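Each remark here refers to the structure printed beneath this line.
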Ligand SMILES: Nc1ncnc2c1ncn2[C@@H]1O[C@H](COP(=O)(O)OP(=O)(O)OP(=O)(O)O)[C@@H](O)[C@H]1O
Ligand SMILES: [Mg+2]
């Protein structure tokens, strides 16, 4: 099942990330899709903050993955450059591990990812406005209801 919602500002994205942050658990898998500059990393920063992570989260584009330690670790991946290569860099260990995994450009490794996941697609409407399409599979279906209103 999926829901759509409009985000009107960076502040509203922060509020949305806080809601998502209340639903995380060990092994949580959150997949992000959306154009360059849509707000995937911005969302992830807010999510990390809501999980109590105080380190500065920035784009992992040139490192594929960064791990931020917290009550639950946040494994932030950007697999933009892995197109066609498949899962590499021992990412699997983290996807199936005990942290919270956030993957930007997840479609590049979709064949290596479990069916059960939360998928958030961010579409740019204008400078600050975004359309979110939120889809949950398996146990994440319930989470879609919690975060989309
Ligand atoms: N409502 C909003 N939500 C999120 N970001 C917004 C919003 N409005 C404006 N922005 C701005 O859009 C930019 C989003 O950049 P960000 O790096 O998060 O995108 P990205 O999707 O991670 O891009 P990339 O594919 O290059 O990794 C930031 O400069 C942010 O301040
Ligand atoms: Mg990014």
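Residue numbers (the working numbering): 9 to 157.
Quick reminder that beta carbons are idealized off the backbone N, C-alpha and C, glycines included.
Quick caveat: nothing in here was measured; it's all calculated off a predicted structure.
How long is the line joining the alpha carbons of residue i and residue j, rounded to whole angstroms?
i	j	result
residue 107	residue 73	13 Å
residue 21	residue 54	8 Å
residue 34	residue 82	10 Å
residue 140	residue 58	19 Å
residue 43	residue 128	12 Å
residue 159	residue 156	For residue 159 there is no data in the structure shown, the boundaries of the chain being 9 and 157.
residue 85	residue 134	26 Å
residue 26	residue 98	29 Å
residue 131	residue 138	5 Å
residue 143	residue 125	8 Å
When DSSP labels each residue in this structure, what does residue i get in the three-state scheme?
i	result
residue 108	strand
residue 10	strand
residue 121	coil
Which residue or residues does DSSP assign as beta-bridge partners of residue i?
i	result
residue 85	73 and 111
residue 144	126
residue 42	130
residue 15	138
Which whole-angstrom value is the C-beta distance of residue i and residue j, which I expect to be below 8 Å?
i	j	result
residue 110	residue 38	5 Å
residue 56	residue 65	5 Å
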